[in-house]
Amino acid sequence: MALLDARPAAPPTLTALVAWLRGLRLPLSPRYLGGRLLTGLVAVWGAVTLVFFALYSTGNPALLLVAPDAPPEEAERLTRLMGFDRPVPEQYVTFLGQVLRGNFPDSIRYGADPVPIALERLGASLELGAVGLTLGVLVGGTIGYLSATGRSVWTRRVPLSIAVALDGIPTFFFGILATLVLAVWLGWLPATGSTGPLGLVLPGLTLAVAFVPAVARVFRTALVDVLHADHVRTARATGIGRGRLLRRHVVGNSLGTTLNVVGIQAGVLLGGAVVTESIFGWPGIGQLSINAVQNRDYPLVIVCVLVIAVGFVLINLLVDVLAAVIEPRLRS
1 MALLDARPAA PPTLTALVAW LRGLRLPLSP RYLGGRLLTG LVAVWGAVTL VFFALYSTGN
61 PALLLVAPDA PPEEAERLTR LMGFDRPVPE QYVTFLGQVL RGNFPDSIRY GADPVPIALE
121 RLGASLELGA VGLTLGVLVG GTIGYLSATG RSVWTRRVPL SIAVALDGIP TFFFGILATL
181 VLAVWLGWLP ATGSTGPLGL VLPGLTLAVA FVPAVARVFR TALVDVLHAD HVRTARATGI
241 GRGRLLRRHV VGNSLGTTLN VVGIQAGVLL GGAVVTESIF GWPGIGQLSI NAVQNRDYPL
301 VIVCVLVIAV GFVLINLLVD VLAAVIEPRL RS
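The C-terminal residue of the sequence shown carries number 332 in the UniProt record's numbering, and the numbering is unbroken.
(1) What I want to know is whether the C-beta of Val212 ends up closer than 6 Å to one or more non-hydrogen atoms of the ligand NAD.
(2) Between Val209 and chain C, is the shortest Cβ-Cβ distance under 7 Å, so that the two count as touching?
(3) Work out the CA separation of Val48 and Leu317 for me, nearest whole Å.
(4) Output the distance between the C-alpha atoms of Gly252 and Arg233, rounded to the nearest integer angstrom.
(5) Smallest Cα separation from Ile176: which of Gly256, Leu198, Pro197, Leu207?
(6) If you draw a straight line from the C-alpha of Arg80 to the C-alpha of Gly132, how long is it?
(7) Assign Asp167 to one of three DSSP states: helix, strand, or coil.
(8) Rounded to whole angstroms, what's the CA-CA distance from Trp156 to Pro283? Just pull it up for me.
(9) Buried or exposed, going by whether 16 or more other CB atoms sit within 10 Å of the CB of Ala229?
(10) Excluding five sequence neighbours on each side, which residues of the same chain lie with their C-beta closer than 7 Å to the C-beta of Arg36?
(11) With DSSP collapsed to three states, give me the class of Asp85.
(12) Helix, strand or coil: how does DSSP classify Ser57 here?
(13) Could you check the C-alpha separation between Val93 and Tyr56 for me, to the nearest Å?
(14) Report, in whole angstroms, the separation of the C-beta atoms of Ile279 and Phe172, which I expect to be a contact under 8 Å.
(15) Just to check my reading of the structure: Ala43 and Ala309 have Cβ atoms closer than 8 Å, yes? What is that Cβ distance to the nearest angstrom?
(16) Have a look at Gly281, Thr276, Phe219, Gln265 and flag the residue whose alpha-carbon is nearest the alpha-carbon of Ser254.
(17) What did DSSP end up calling Gly187 once you bin it into helix, strand or coil?
(18) Excluding the 5 residues flanking Ala266 on each side, which residues of the same chain have their C-beta closer than 6 Å to its C-beta?
(19) Got a sec? Which residues, its chain only, sit under 7 Å from Ala112 by beta carbon, not counting five neighbours each side?
(20) When the Cα of Val224 is compared with those of Leu146, Val164, Ala165, Asn295, which residue comes out closest?
(21) Just the Cα atoms here: how many angstroms apart are Val212 and Val153?
(22) Report the three-state DSSP secondary structure of Asp320 (helix, strand or coil).
(23) Less than 6 Å between C-beta atoms, sequence neighbours within five positions excluded: which residues of the same chain meet that for Ala62?
(24) Answer yes or no: do residue 333 and Val313 have a C-beta to C-beta separation smaller than 7 Å?
(25) DSSP state of Trp282, grouped into three classes?
(26) Please name the residue in Ala148, Phe52, Leu128, Ala75 whose C-alpha comes closest to that of Ala222.
(27) On the three-state DSSP scale, how would you describe Gly23?
(28) In angstroms, rounded to a whole number, what distance separates the CA positions of Leu33 and Asn291?
(29) Between which residues of its own chain and Val293 is the CB-CB distance below 7 Å, once the five residues before and five after are set aside?
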């Protein structure tokens, strides 16, 4: 009878997986992650709403679609057809209802759904942003490390002074200057319009320059704070070597705060790419948004803003998780 009532045991691998999932602890609580997502959604909605009213209050884009010699009746007909004859708040309510149903208004220039158009350009912007972010983190991190741990006064002050000086240079000015020197005068790199690996150097370098000062300052401050911490003093008193002390006790404990700044700057890179892509003719979402503004293609502009805002929120959420994994004291 006992044999008939016995149930088949779960496979060992499944049992181990269930036990592992039950014992798994997220680096951040679900409540915190949910709060950040909710805050991010509110921020995205706010950005889209502000851009909508800023755009739709400036004029009627339907007039751009009418031939110069067309009769006034044609412009009025097209305006009514596209809904631009209604008050802006009423247009916003209609737009919001369409968005919630996943049905964005068609692009005025392309006459199609603007979401695939923006997403098609997103890959190029992510590629450029990855290059700029990598260069900025490497250069900024190196400067911050040298300025905090350098043995000589020159090593500690000169690199950081250069980074601070770069912070005062506008992105567009540095991009134009780098193009003149490296592309026009020396001929080492293509100036604009190239999508190959060499075409990434100038725009990536321009993005990185805007990124270096913040990373350098924050990483230096975090390193200095950790160097004066009690556990570092204790480790130093045991006679541990300087290099080993920095690797095991200082650098790792300084990454959490720096990662938070990297996340903020990475999100800013998506917005900053608007200027950089316009300078170098890079076919990303930044250049697309500039062209959309010039053509008064309001639906496409709003979708570009939406994509950039969502990317900013997701990047910062990912960085929060990584920072909590690397530096557990940030989980509180």
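All C-beta atoms in this analysis are idealised placements derived from N, C-alpha and C, irrespective of residue type, glycine included.
With the structure as the only source:
(1) Only the bare structure without any ligand can be found here, which leaves the ligand NAD out of the picture.
(2) Of the protein chains in this structure there is only one, and it is not chain C.
(3) If you number the sequence shown from 1, residue 317 lands on position 317. If you number the sequence shown from 1, residue 48 lands on position 48. When the Cα atoms are used, Leu317 and Val48 turn out to be separated by approximately 20 Å.
(4) The residue given as residue 252 occupies position 252 in the sequence shown. The residue given as residue 233 occupies position 233 in the sequence shown. Approximately 16 Å, taken between the alpha carbons.
(5) To locate residue 176, count along the sequence shown from 1; it is residue 176. Per the Cα distances, Leu207.
(6) Here residue 80 is taken as the residue at index 80 of the sequence shown, counted from 1. Here residue 132 is taken as the residue at index 132 of the sequence shown, counted from 1. Arg80 and Gly132 have their alpha carbons spaced roughly 45 Å apart.
(7) Within the sequence shown, numbered from 1, the residue matching residue 167 stands at position 167. Of the three classes helix, strand and coil, the one that applies to Asp167 here is helix, per DSSP.
(8) Here residue 156 refers to the residue found at position 156 when the sequence shown is read from its first residue. Here residue 283 refers to the residue found at position 283 when the sequence shown is read from its first residue. It should be noted that the sequence gives Arg, not Trp, for residue 156. For Arg156 and Pro283, the distance between alpha carbons rounds to 39 Å.
(9) Locating residue 229 in the sequence shown gives position 229, counting from the first residue. Counting Cβ neighbours within 10 Å, Ala229 comes out exposed, since fewer than 16 surround it.
(10) If you number the sequence shown from 1, residue 36 lands on position 36. The residues Leu317, Asp320, in chain order, have a CB closer than 7 Å to that of Arg36 in the same chain once the five nearest residues on each side in sequence are set aside.
(11) One-based indexing of the sequence shown puts residue 85 at position 85. In the structure shown, Asp85 falls within a coil segment according to DSSP collapsed to helix, strand and coil.
(12) Residue 57 sits at position 57 when you count from the first residue of the sequence shown. Note: Ser57 maps to coil in three-state DSSP.
(13) Taking the sequence shown and counting its residues from 1, the one referred to as residue 93 is at position 93. Taking the sequence shown and counting its residues from 1, the one referred to as residue 56 is at position 56. One C-alpha to the other measures close to 13 Å.
(14) As a first step, residue 279 is located in the sequence shown; it is residue number 279 there, counting from the start. As a first step, residue 172 is located in the sequence shown; it is residue number 172 there, counting from the start. The pair is a contact, with the Cβ atoms about 6 Å apart (cut-off 8 Å).
(15) Taking the first residue of the sequence shown as 1, we reach residue 43 at position 43. Taking the first residue of the sequence shown as 1, we reach residue 309 at position 309. The pair is a contact, with the Cβ atoms about 7 Å apart (cut-off 8 Å).
(16) Here residue 254 is taken as the residue at index 254 of the sequence shown, counted from 1. The alpha carbon of Ser254 has as its nearest neighbour, out of Gly281, Thr276, Phe219, Gln265, the alpha carbon of Phe219.
(17) In the sequence shown, residue 187 corresponds to position 187, counting from 1. In the structure shown, Gly187 sits in coil (DSSP, three-state: anything other than H, G, I, E or B).
(18) Counting from one through the sequence shown, the residue named residue 266 turns up at place 266. Spatial neighbours of Ala266 in its own chain (CB-CB distance under 6 Å, excluding positions within 5 residues in sequence) are listed in chain order as Leu133, Ile315.
(19) To locate residue 112, count along the sequence shown from 1; it is residue 112. Taken in chain order, the residues that qualify are Asp106.
(20) Looking up residue 224 in the sequence shown gives position 224. Restricting attention to Leu146, Val164, Ala165, Asn295, the CA atom closest to the CA of Val224 is found in Leu146.
(21) The count along the sequence shown starts at 1 and reaches residue 212 at position 212. The count along the sequence shown starts at 1 and reaches residue 153 at position 153. In this structure, the CA atom of Val212 is about 21 Å from the CA atom of Val153.
(22) Indexing the sequence shown from 1 puts residue 320 at position 320. In this structure, Asp320 counts as helix in the three-state DSSP scheme.
(23) Mapped onto the sequence shown, residue 62 falls at position 62. So the list reads Leu78, Thr79, Met82, Phe84, once near-sequence residues are dropped.
(24) Outside the displayed span of the chain (1 to 332) sits residue 333, for which this structure offers no information.
(25) Translated into positions along the sequence shown, residue 282 becomes position 282. Collapsing the DSSP output to three states places Trp282 in coil.
(26) By one-based count along the sequence shown, residue 222 stands at place 222. Of Ala148, Phe52, Leu128, Ala75, the residue nearest in Cα terms is Ala148.
(27) Locating residue 23 in the sequence shown gives position 23, where the first residue counts as 1. Unreliable placement is indicated for Gly23, whose pLDDT of 48 sits below 50; no coordinate value is reported for it.
(28) Working through the sequence shown from its first residue, we reach residue 33 at position 33. Working through the sequence shown from its first residue, we reach residue 291 at position 291. Answer to the nearest angstrom: the Cα atoms are 36 Å apart.
(29) Locating residue 293 in the sequence shown gives position 293, where the first residue counts as 1. Taken in chain order, the residues that qualify are Val301.
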